[in-house]
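Chemist: From first to last, the protein sequence lines stand for chains A and B.
So in my numbering, spot 304 of the first sequence is number 304, and the numbers just go up one at a time.
The number in my numbering is simply the position in the second sequence, starting from 1, with 385 added.
So that we are looking at the same thing, I have put the structure below in structure tokens.
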Amino acid sequence: MKKSTMTVRPVQDLSGAAAYRPTPPPAWKPRTDPAPLLPDSEPHRVLGTDAAARLDAGLMRRLYAELVRGRRYNAQATALTKQGRLAVYPSSTGQEACEVAAALVLEERDWLFPSYRDTLAAVVRGLDPVQALTLLRGDWHTGYDPREHRIAPLCTPLATQLPHAVGLAHAARLKGDDVVALAMVGDGGTSEGDFHEALNFAAVWKAPVVFLVQNNGFAISVPLAKQTAAPSLAHKAVGYGMPGRLVDGNDAAAVHEVLAEAVERARRGGGPTLVEAVTYRIEAHTNADDATRYRGDAEVEAWRAHDPVQLLERELLERGMLDEDGVREAREAAETMAARLRDRMNADPVLDPMDLFAHVYAEKTAQLREQEALLRAELDAEDER
Amino acid sequence: MTTAATTVVDAKPAKPATMAQALGRALRDAMAEDPTVHVMGEDVGALGGVFRVTDGLVKEFGEDRVTDTPLAEAGILGTAVGMAMYGLRPVVEMQFDAFAYPAFEQLISHVARMRNRTRGAMPMPMVIRVPYGGGIGGVEHHSDSSEAYYMATPGLHVVTPATVEDAYGLMRAAIASDDPVVFLEPKRLYWSKAAWSPEAPTAVEPIGRAVVRRSGRSATLITYGPSLPVCMEAAEAAEAEGWDLEVVDLRSLVPFDDETVAASVRRTGRAVVVHESTGFGGPGGEIAARVTERCFHHLEAPVLRVAGFDIPYPPPMLERHHLPGVDRVLDAVARLQWEAGS
Ligand SMILES: Cc1ncc(C[n+]2csc(CCOP(=O)(O)OP(=O)(O)O)c2C)c(N)n1
């Protein structure tokens with residue numbers, strides 16, 4: 001067989017197969033050396049290492065205050081489910097470092113694409129906590145204007161927000177805006193087709209996107225080992241041609257650092273990054289889940305000992321970047337936030353059933369107007385009773 | 386269609402069982418009888434599924450036959466296609482109605498038409514379990530009624546039980562079917578109970594038979610799945626108004642039991658189709674057309690539909706306004722007092 005011919009050979013030629021001598025294929029090299037794209041073998045850490053000496057005290061105090069508030073927010077939201085004020089709450093307790101860093105690393109003009117577990121990131125980004133909870137309380141699907149806050153709707157179908165983030169970032173770049181999109185997804189979500197398609201588009205288009213995978217060990221009941229056989233989720237990046245970074249998801253300083261680098265890289269046109277933050281879901285999947293069916297207490301306790309709030313608190317206290325007053329202030333601010341949230345969530349939301357028809361189309365169809373009249377009549381009849 | 390033969394043994398006193406339990410028992414019995422039956426999906430193993438339908442199966446049959454898959458619906462259904470090609474009978478779970486959508490490519494392009502494109506050489510015996518519908522206070526994407534999409538795809542059977550007994554019987558029939566069956570499980574009936582004994586399971590009827598749940602003479606309510614209890618209640622309430630309503634539970638949307646439905650409407654002369662999926666482009670349009678085609682000369686009034694509004698499924702705090710309830714059914718029944726020109 002000749003080496004470089006492009007002509008289609010008649011089938012009969014195969015009869016010469018006995019005489020076939022393998023020749024080496026034409027020289028081929030991967031387009032990118034995978035080495036710079038590969039993640040480190042250990043998650044990146046800052047707290048508890050020498051690198052912590054170089055921390056920016058102002059930024060760290062900000063991170064700390066938000067972590068404390070975030071922890072309290074998770075506890076309060078969970079309590080609200082028990083009081084029936086919230087239909088469901090997927091807590092991010094234990095994952096606050098990821099949530100807070102994701103929100104704080106972005107500029108105002110940037111966009112956040114959260115999943116249903118990332119209420120906290122949205123709140124830290126400045127969204128009113130009650131608006132952020134409407135999806136989970138059940139009064140409306142998205143209780144805010146995504147454009148106003150540059151926060152996409154909290155996304156329930158897994159990984160489907162990732163291509164949106166890529167598209168938005170791509171569009172911003174086409175317009176000449178230096179906007180970055182940061183998209184959040186769970187470890188389970190990385191198995192979805194949308195995850196792969198989003199990463200591929202992002203890399204091919206060099207879109208200014210940062211993908212943050214919060215690997216919290218489980219997709220509801222399914223442990224990571226049943227989700228992927230890859231050495232790490234960050235390793236998946238190399239196959240698309242983007243760098244993968246592995247970070248200790250409970251080390252707020254490290255998560256912030258890694259995300260900041262990735263955002264900066266995206267902003268200067270360097271393309272997307274996949275960041276895997278290794279963390280743990282301390283609570284059950286949601287208040288409706290029974291975690292004892294699939295995991296033991298010992299594992300949870302081990303992770304409690306690696307708590308993101310305590311890790312940062314201890315480091316900052318030791319380095320004199322924070323004092324007892326600072327700790328107390330942060331806790332008091334968190335209590336104030338919780339009390340206010342409780343009060344506001346205890347008020348029944350005022351809902352107008354007629355809103356059902358308000359936003360299906362820009363202009364109501366004749367059918368919707370008919371149905372609107374039907375509901376109006378029913379409601380009037382209810383009022384008369 | 387093959388029919389799983391279940392023998393009715395001496396009935397022990399029946400204990401109350403939920404629909405979820407009956408479904409689980411059907412999976413168990415089918416797996417015990419036929420080693421080619423495999424259960425797979427998200428969280429179906431140790432957790433027993435988020436609705437606990439597959440509870441205990443992994444202990445009894447092991448992880449090779451009851452498999453927690455990676456989180457990828459297209460992957461779940463796509464690999465099920467390959468498994469069926471090799472002679473297994475996969476029963477796959479889509480965790481919630483709206484999360485089946487990533488699998489539509491596989492369902493529509495491959496599962497539904499494999500028999501047809503291979504001239505019968507490669508059937509796709511599999512069951513795709515989809516918990517569906519609202520009324521449980523689920524947040525966004527947890528309450529869709531997607532039956533119209535499935536019905537619109539030739540090659541799929543579409544069934545939905547409304548009673549504990551049917552849940553068992555239909556599941557056994559679905560697993561025994563040599564064609565793919567989309568098995569819609571009404572979420573809000575998962576915890577509905579009936580006296581039902583797993584030792585004396587319901588005899589399995591072939592897929593495709595509707596059943597008259599209540600006989601009456603003045604009009605027929607045609608319904609299925611989650612709307613059956615609504616219609617039964619409406620029929621009770623209508624008695625006070627002098628209406629003697631017949632209630633037909635379709636059980637199977639594809640194939641459609643024209644005979645049972647048309648026979649009922651010919652007797653009563655009036656019909657209302659009730660379901661919670663949207664009215665426009667929904668199953669009711671098809672059903673009303675079929676009834677009209679077959680019963681035109683017997684009809685005293687147009688076939689009416691009571692359906693969910695033509696809107697994306699609303700947030701839980703507003704779903705009661707969307708879901709067709711007893712009052713809306715009774716209003717429609719009142720409108721069956723049709724006068725020409727009205
Ligand atoms: C497409 C899709 N399939 C299934 C579900 C149901 N579901 C909700 S959360 C979840 C587990 C997600 O796990 P992971 O991605 O690791 O995120 P985590 O909940 O751990 O934050 C599943 C299966 C869904 N929301 N979307």
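Where a beta carbon is used, it is the ideal one built from N, C-alpha and C, also for glycine.
Among all the DSSP beta bridges, which residues are the ones paired with S115 (chain A)?
Modeler: By 1-based counting over the first sequence, the position of residue 115 (chain A) is 115. According to DSSP, S115 (chain A) bridges with A:C155.
Chemist: For a test of your reading of the model: does the CB of P157 (chain A) fall under 6 Å from any non-hydrogen atom of ligand 1? Yes or no.
Modeler: By one-based count along the first sequence, residue 157 (chain A) stands at place 157. Yes, the beta carbon of P157 (chain A) sits closer than 6 Å to at least one heavy atom of ligand 1.
Chemist: Considering just the uninterrupted stretch of the alpha helix (DSSP H) at A717 (chain B), what are its terminal residues?
Modeler: As a first step, residue 717 (chain B) is located in the second sequence; it is residue number 332 there, counting from the start. Counting along the chain, the alpha helix (DSSP H) containing A717 (chain B) begins and ends at 711 to 720.
Chemist: My guess is that V466 (chain B) and H495 (chain B) are in contact by the Cβ rule of under 8 Å, so how many angstroms apart are they, rounded?
Modeler: Position 81 of the second sequence, counting from 1, holds the residue named residue 466 (chain B). Position 110 of the second sequence, counting from 1, holds the residue named residue 495 (chain B). Sure, about 5 Å apart at Cβ, within 8 Å.
Chemist: Output, in chain order, the set of chain B residues within a Cβ distance shorter than 8 Å of Y240 (chain A).
Modeler: The residue you call residue 240 (chain A) lines up with position 240 of the first sequence. In chain order: nothing, as chain B lies at least about 17 Å away.
Chemist: Strictly below 7 Å CB to CB, what residues from chain A border F665 (chain B)?
Modeler: Reading the second sequence from its first residue, position 280 is the one you call residue 665 (chain B). The contacting residues are Q367.
Chemist: Would you list, in sequence order, the uninterrupted alpha helix (DSSP H) runs of no fewer than 4 residues that lie entirely inside the stretch 172 to 244 of chain A?
Modeler: Fully enclosed alpha helix (DSSP H) runs of 4 or longer: 193 to 205, 236 to 240.
Chemist: For K578 (chain B), list the residues DSSP reports as bridge partners.
Modeler: Counted from its first residue, the second sequence places residue 578 (chain B) at position 193. Per DSSP, B:T403.
Chemist: Along the stretch 123 to 138 of chain A, where does the CB come closer than 9 Å to a CB of chain B? Name the residues.
Modeler: Cβ contacts with chain B: T134, L135, L136, R137, G138.
Chemist: Once you ignore the five residues that flank R150 (chain A) on each side, which residues in its own chain have a CB closer than 6 Å to its CB?
Modeler: Position 150 of the first sequence, counted from the start, is the residue given in the question as residue 150 (chain A). Answer for R150 (chain A): W111, listed in chain order.
Chemist: Measure the alpha-carbon distance for A415 (chain B) versus R474 (chain B) and round it to whole angstroms.
Modeler: Counted from its first residue, the second sequence places residue 415 (chain B) at position 30. Counted from its first residue, the second sequence places residue 474 (chain B) at position 89. Answer to the nearest angstrom: the Cα atoms are 10 Å apart.
Chemist: How about the stretch 539 to 554 of chain B and the stretch 565 to 574 of chain B: do they share at least three Cβ pairs that are nearer than 8 Å?
Modeler: The answer is yes - the stretch 565 to 574 of chain B touches the stretch 539 to 554 of chain B, with three or more Cβ pairs under 8 Å.
Chemist: Could you tell me the alpha carbon to alpha carbon distance between G664 (chain B) and V210 (chain A), rounded to whole angstroms?
Modeler: The count along the second sequence starts at 1 and reaches residue 664 (chain B) at position 279. The count along the first sequence starts at 1 and reaches residue 210 (chain A) at position 210. Using only the alpha carbons, I get a separation of about 42 Å.
Chemist: Against chain A, does W431 (chain B) count as a neighbour if the rule is that its beta carbon must be under 7 Å from one of theirs?
Modeler: Within the second sequence, numbered from 1, the residue matching residue 431 (chain B) stands at position 46. One point to set straight first is that residue 431 (chain B) is Ala, not Trp, in the sequence displayed. Yes, A431 (chain B) lies at the interface with chain A (some Cβ there is under 7 Å from its Cβ).
Chemist: Can you grab the Cα-Cα spacing for the pair R376 (chain A) / A366 (chain A), in whole Å?
Modeler: Residue mapping note: residue 376 (chain A) aligns to position 376 of the first sequence, counting from 1. Residue mapping note: residue 366 (chain A) aligns to position 366 of the first sequence, counting from 1. Rounded to the nearest angstrom, the two C-alpha atoms are 15 Å apart.
Chemist: When you compare the CB of A219 (chain A) with every CB in chain E, is at least one pair closer than 7 Å?
Modeler: In summary, chain E is missing from the structure at hand, where the protein chains are A and B.
Chemist: Which residues in the same chain have their Cβ closer than 7 Å to the Cβ of T392 (chain B), if we skip the five residues on either side of it in sequence?
Modeler: In the second sequence, the residue the question calls residue 392 (chain B) occupies position 7. With a pLDDT of 43 at T392 (chain B), under the threshold of 50, the modelled position of this residue cannot be trusted, and the question is left open.
Chemist: Is the closest heavy atom of ligand 1 to the C-beta of A219 (chain A) under 6 Å?
Modeler: For the purposes of this step, residue 219 (chain A) is identified with residue 219 of the first sequence, where counting begins at 1. Checking every heavy atom of ligand 1 against the Cβ of A219 (chain A), one is found closer than 6 Å.
Chemist: So does N406 (chain A) have its beta carbon nearer than 6 Å to some heavy atom of ligand 1?
Modeler: Here chain A has residues from 1 to 385 only, and residue 406 (chain A) is not among them.
Chemist: Is F665 (chain B) near ligand 1, in the sense that its beta carbon is under 6 Å from a heavy atom of that ligand?
Modeler: As a working note, residue 665 (chain B) is residue 280 in the second sequence. F665 (chain B) Cβ: outside cutoff for every heavy atom of ligand 1.
Chemist: Inspect the beta-carbon positions of Q95 (chain A) and T279 (chain A) and report whether they are closer than 7 Å.
Modeler: The residue labelled residue 95 (chain A) in the question sits at position 95 within the first sequence. The residue labelled residue 279 (chain A) in the question sits at position 279 within the first sequence. Going by C-beta atoms, Q95 (chain A) is nearer than 7 Å to T279 (chain A).
Chemist: For P701 (chain B), which residues of its own chain have a beta-carbon under 6 Å away from its beta-carbon, when the five flanking residues on both sides are left out?
Modeler: In the second sequence, residue 701 (chain B) corresponds to position 316, counting from 1. The residues are G522.
Chemist: Pull up the DSSP beta-bridge partners for F568 (chain B), would you.
Modeler: Counting from 1 along the second sequence, the entry for residue 568 (chain B) is found at position 183. Answer is B:R514, B:V544, bridged to F568 (chain B).
Chemist: Report the rounded CA-to-CA distance for A132 (chain A) versus A334 (chain A), giving the unit in angstroms.
Modeler: Translated into positions along the first sequence, residue 132 (chain A) becomes position 132. Translated into positions along the first sequence, residue 334 (chain A) becomes position 334. For A132 (chain A) and A334 (chain A), the distance between alpha carbons rounds to 17 Å.
Chemist: Kindly list the residues whose CB is nearer than 6 Å to the CB of G143 (chain A), restricted to its own chain and excluding five residues on each side of it in sequence; keep chain order.
Modeler: Numbered from 1 along the first sequence, position 143 holds the residue referred to as residue 143 (chain A). Hits under 6 Å: Q131, T134.
Chemist: If V658 (chain B) and G666 (chain B) are in contact, beta carbons under 8 Å, what's the gap, nearest whole angstrom?
Modeler: By 1-based counting over the second sequence, the position of residue 658 (chain B) is 273. By 1-based counting over the second sequence, the position of residue 666 (chain B) is 281. With 8 Å as the limit, V658 (chain B) and G666 (chain B) do not qualify as a contact, their Cβ atoms being about 14 Å apart.
Chemist: Alpha carbon to alpha carbon, what distance is there between F641 (chain B) and M511 (chain B)?
Modeler: On the second sequence, residue 511 (chain B) is found 126 positions in, with the first residue counted as 1. On the second sequence, residue 641 (chain B) is found 256 positions in, with the first residue counted as 1. Approximately 20 Å between the Cα atoms of the pair.
Chemist: What residues from the stretch 661 to 690 of chain B come within 9 Å of chain A, judged by C-beta to C-beta, listed N to C?
Modeler: Under the 9 Å Cβ criterion, the stretch 661 to 690 of chain B contributes G664, F665.
Chemist: Please check the pair D194 (chain A) and P163 (chain A), which I expect to be a contact at CB under 8 Å, by giving their CB distance rounded to whole angstroms.
Modeler: Translated into positions along the first sequence, residue 194 (chain A) becomes position 194. Translated into positions along the first sequence, residue 163 (chain A) becomes position 163. Indeed they touch by this definition, with Cβ atoms about 6 Å apart.
Chemist: Return the first residue and the last residue of the beta strand (DSSP E) that G426 (chain B) is part of.
Modeler: Your numbering for residue 426 (chain B) matches position 41 in the second sequence. Where G426 (chain B) is concerned, the enclosing beta strand (DSSP E) stretches over 422 to 426.
Chemist: For V247 (chain A), which option in A:V258, A:L224, A:R72, A:R173 has the closest C-alpha, if you only look at C-alpha atoms?
Modeler: Translated into the one-based positions of the first sequence, residue 247 (chain A) becomes position 247. Nearest of A:V258, A:L224, A:R72, A:R173 to V247 (chain A), Cα basis: A:V258.
Chemist: At a cut-off of 6 Å, is R295 (chain A) close to ligand 1 when judged by its beta-carbon and the heavy atoms of the ligand?
Modeler: If you number the first sequence from 1, residue 295 (chain A) lands on position 295. No - ligand 1 has no heavy atom lying nearer than 6 Å to the Cβ of R295 (chain A).
Chemist: Are the C-beta atoms of L715 (chain B) and some chain A residue less than 7 Å apart?
Modeler: Your numbering for residue 715 (chain B) matches position 330 in the second sequence. Cβ-Cβ to chain A under 7 Å: no for L715 (chain B).
Chemist: Give the secondary structure of L638 (chain B) by DSSP, where H, G and I count as helix, E and B as strand, and everything else as coil.
Modeler: Position 253 of the second sequence, counted from the start, is the residue given in the question as residue 638 (chain B). Three-state result, L638 (chain B): strand.
Chemist: Could you please tell me which residues of the stretch 445 to 457 of chain B, in chain order, have their CB closer than 7 Å to any CB of chain A?
Modeler: Residues passing the 7 Å Cβ filter: D453, P455, L456, A457.
Chemist: What's the call for R502 (chain B), buried or exposed, on a 16-neighbour Cβ count within 10 Å?
Modeler: Looking up residue 502 (chain B) in the second sequence gives position 117. Exposed is the call here.
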